[in-house]
Each structure stands twice: as C-alpha cells, then as structure tokens.
Amino acid sequence: MIRSEILRDIAPILRDQLVVCNIGLPSQELHMIDDQPTNFYMLGTMGLSSSIGLGLALSQDKTVISIDGDGSVLTNLGTLPTIANNVADNYILLIIDNGSYGSTGDQPTYAGKKTSLTAVAKACGCETVIEVQDKDLGPVLQGAIDSKKMTVIVCKCDSGNIKLPVITMDPVVIRDRFMKAVAG
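Quick note: the sequence shown, position 29, residue 1004 per the numbering used here, numbers continuous.
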C-alpha cells in the first residue's frame, strides 16, 4: 500500500478525532479523501506536525492524532524526546514510514535504509511505540485511540504518490474552521 491508500483506509477512524496532517501530499491526500473541519492541513513547516499536535493535545482533552512522515520526523528528531517527556494520553503520533521524502520527489530517507524510527522513539523514552505494516494499521490505530495512552505508531508502507491538486482553501480558513472544531 502507498500513503494515499492508507489514508483512505483509516479515514473513517480519523473522522471523529482532531487531526494535524503533515505538509504537502499527505495533507492534499487527506483533504481529497475526507475533508473535515477537524483536520488541520499543514501547508508548510516540514517536521512540525508532530510538535503542533502534541501542543494541541496538552491544551485540551480531545484525542489528537498527528500524521507525520518519516522524512519530516527525521528533519525534526527533537520532537520525539519532547513527546516522551511531555506525556499527553490523548495524543497519537502516526508516522507513515514509506522510506522516502514523498512530497519532494520520493528521494530515499534514512528510515528506508538503516535508521529505525521505532527504535529511535523508544530510545527517546516514548513508552508505547508500535510498528505495524500498512494493511494492519486500522485496528492498531483504533486500539491506540481506545487505550487512552499516548502512542507512537510507525506504519511501514510502500513509497509512491498519486496525482492530485493542491489544497485551494485559504490557510486562514483552514485555521479558523479547525479552531472552531477544537472549541466545539
């Protein structure tokens, strides 16, 4: 499976959660598959989806899921010890690990070579870290939501992108509707 197929599979699970989605193609894919006011689409700031999601989770009680990529997490490794040391049991970091920088042309990442983000997250002190294959993600994600424990999920999948348009929604509109969803 590629990332867009994974997002299509888990969209029904995400629908009732607050979601902060990684830059570029992941946000465009989620927007195309199941646009929701509870989805915050990152249009820039590579590597910060997980940090923004954690900050949001620490500020309120609703479940927050950050969808990040291996490339983005690798550009901001400081997010993993920050997550480990600021536990929010309503927070899930879902790293879709396709071993590539998908939004910039599928160049290989180190996670596609020798670096294990599962091992890195554990070494940083994250207590509940689960590595899963793409086809098995749905039940694992639902289990993490139900557990009400901060969880890092590393979902291994194939590299590849679908062709789709950019998100034409104004960033201020994305922000404002998401803030209304958070407050509501």
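In this text, a Cβ means the ideal position worked out from N, Cα and C, and glycines have one as well.
Report the CB separation of L1029 from N1061 in whole angstroms; it is logged as a contact under 8 Å. 6 Å
Where does G999 land, buried or exposed, given buried means 16+ other C-beta within 10 angstroms? buried
Within 10 Å of its beta-carbon, does E1004 have 16 or more other beta-carbons around it, so buried, or fewer, so exposed? buried
With three or more C-beta pairs closer than 8 Å as the rule, is the region 1107-1116 touching the region 1075-1087? no
Using CA atoms only, rank isn't needed, just tell me which of S1041, L982, S979 is closest to T1126. S1041
Simplified DSSP assignment, three categories, for D991: coil
Please report the distance separating the alpha-carbon of I1027 from that of V995. 7 Å
Evaluate contact between the region 1139-1152 and the region 1112-1131, counting only Cβ atoms and requiring at least three cross-stretch pairs below 8 Å. no
I1040, enclosing beta strand (DSSP E) - first and last residue: 1039-1044
Using a threshold of 8 Å, state whether the C-beta atoms of M1007 and L1092 are closer than that. no
Nearest-angstrom Cα separation, counted from L993 out to V1157: 7 Å
Among R978, S979, I985, which one has its Cα closest to the Cα of I1120? I985
Sub-8 Å separation of I1070 and V1048 beta-carbons: yes
Where does P1140 fall in DSSP's three states? coil
Among G1074, T1090, Y1066, whose alpha-carbon lies nearest the alpha-carbon of N1136? G1074
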